[in-house]
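Residue numbers (the numbering used here): 16 to 324.
Working notes, beginning with the structure itself.
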Amino acid sequence: MPNRRAFVRAVAAGLLLTAMPLAARAQDKLPVVASFSILGDFVREVGGDRVSVTTLVGANGDAHVYSPTPADAKAMAAAKLIVVNGLKFEGWMTRLIKSSGARASIATATAGISPLKGDDDHGKAGHGHDHDVDPHAWQSVSNAKVYVGNIRDALVKADPAGKDSYEAHAARYLAQLDAVDGEIRAAIAHIPADRRKAITSHDAFGYFVKAYGIAFIAPQGVSTEAEASAKDVARIIRQVKAEKVPAVFLENVTNPRLVEQIARESGAKVGGRIYSDALSDAAGPAGTYIQMMKHNISEIEKALAAGPA
Ligand SMILES: [Zn+2]
């Protein structure tokens, strides 16, 4: 009798399993770790139902200065694929890979992108880190398309059975990115040429500047590790006044104090909060990369397009 009951249970369980679509079962999904929220979103877009994504540096988190947790190490050890930005963005990653015993393949999302040089002049005194490249390549949508292509290829390699699915998801998402790129260019065209300049706290928009022709000046360099010096801040205040920079923007990952001070002392207006190095949580205005880029350009256009009221 116990055998028969066990048999019935096993058959029932088997029916249950086959009744569920294969990809819907958590244990069958490809475990992927993404180092920060923007990569996590790309992996979800391309991976769809077939992947289960763990993001290490979450919403509004600063990946420049992150301390990994024991849970991160566990996720790394279980991962089949680890996706990183590269360009020295996640300086803590090398040690985490080693200490977690991770054996997953590692995909560098920026592979193939020509990096911009990091402006390492700001606040350099006293810190020994090397920020000679600018890691914020995702801020240009054409670079984001390179990220997505690299992630698609890495997923196909890690899970060849999902090739058709990954390719279809990626193609659809790449078309959406093209549309966003067009929206950004149209918005920039609405801003008078002499008002295409603004202040942010750290130098996270170099690729945006290069792609879309708008100048961002920042008291902090391409990493948030080094504080801006009083001299840098004074220089920027002079520059804002001399060049009549219309607005300063707060960033989601940095302390607002510095740009608020610059606004106060220069007379530039505070143009809202833009998302540089991390998404907002799902309920916020920048829960996905596409929402983030749309939110940022909408704030930028609002603050810069119109003259003083
Ligand atoms: Zn940054």
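Glycine included, each C-beta is placed from N, C-alpha and C at the ideal position.
Asked: In whole angstroms, what is the alpha-carbon distance linking T69 and S180?; Found: 20 Å
Asked: Just to check my reading of the structure: A208 and E266 have Cβ atoms closer than 8 Å, yes? What is that Cβ distance to the nearest angstrom?; Found: In fact, because the Cβ distance is near 25 Å, the residues do not count as touching under 8 Å.
Asked: Run through DSSP, which three-state label would D149 get?; Found: strand
Asked: For G260, which residues from the same chain have a beta carbon less than 8 Å from its beta carbon, with the 5 sequence-adjacent residues on both sides left out?; Found: Note that residue 260 is Val in the sequence shown, not Gly. Correct list, in chain order: K212, A213, I214, I232, Q254, S281, A283.
Asked: Please report the residue range of the alpha helix (DSSP H) in which V248 lies.; Found: 245-257
Asked: Roughly how many angstroms separate the alpha carbons of E314 and R279, rounded to a whole number?; Found: 19 Å
Asked: Here's a check: name, in chain order, each residue in its chain whose Cβ is nearer than 6 Å to the Cβ of Q5, leaving out the five neighbours to either side.; Found: Not covered by the structure: residue 5. The range shown for the chain is 16 to 324.
Asked: Assuming contact is defined by CB atoms lying nearer than 8 Å, are P74 and A321 in contact in what I supplied?; Found: One point to set straight first is that residue 74 is Ala, not Pro, in the sequence displayed. Cβ atoms of A74 and A321: not closer than 8 Å.
Asked: Thinking C-beta only, is A122 closer than 8 Å to I166?; Found: yes
Asked: Inspect the CB distances between the stretch 179-196 and the stretch 79-87 and report whether three or more fall short of 8 Å.; Found: no
Asked: Can you name, in chain order, every residue of its own chain whose Cβ lies under 6 Å from the Cβ of A226, other than the five neighbours on each side?; Found: S155
Asked: Nearest by alpha-carbon distance to I128: which of R118, S120, K113, V161 is it?; Found: V161
Asked: Indicate whether L45 and V66 have their beta-carbon atoms separated by less than 8 Å.; Found: yes
Asked: I'd like to confirm something about T239: is its beta-carbon nearer than 7 Å to some heavy atom of ligand 3, or not?; Found: Ligands displayed in this structure: ligand 1; ligand 3 is not among them.
Asked: Could you tell me which of G62, A185, S82, V61 sits nearest to E240, measuring between CA atoms?; Found: S82
Asked: In angstroms with no decimal places, state the Cα-to-Cα distance between G302 and A94.; Found: 24 Å
Asked: Going by C-alpha to C-alpha distance, which of V58, D147, G116 sits closest to A169?; Found: V58
Asked: Can you list, in chain order, every residue whose CB sits closer than 5 Å to a heavy atom of ligand 1?; Found: A219, D292
Asked: Can you name, in chain order, every residue of its own chain whose Cβ lies under 6 Å from the Cβ of H310, other than the five neighbours on each side?; Found: P300, A301
Asked: A152 and L102 - do their beta-carbons sit closer together than 8 Å?; Found: yes
Asked: Quick check on the DSSP output: the alpha helix (DSSP H) that includes S50 runs from which residue to which?; Found: Not the alpha helix (DSSP H): S50 falls in the beta strand (DSSP E), residues 45-51.
Asked: Helix, strand or coil, according to DSSP, for F264 in the structure here?; Found: strand
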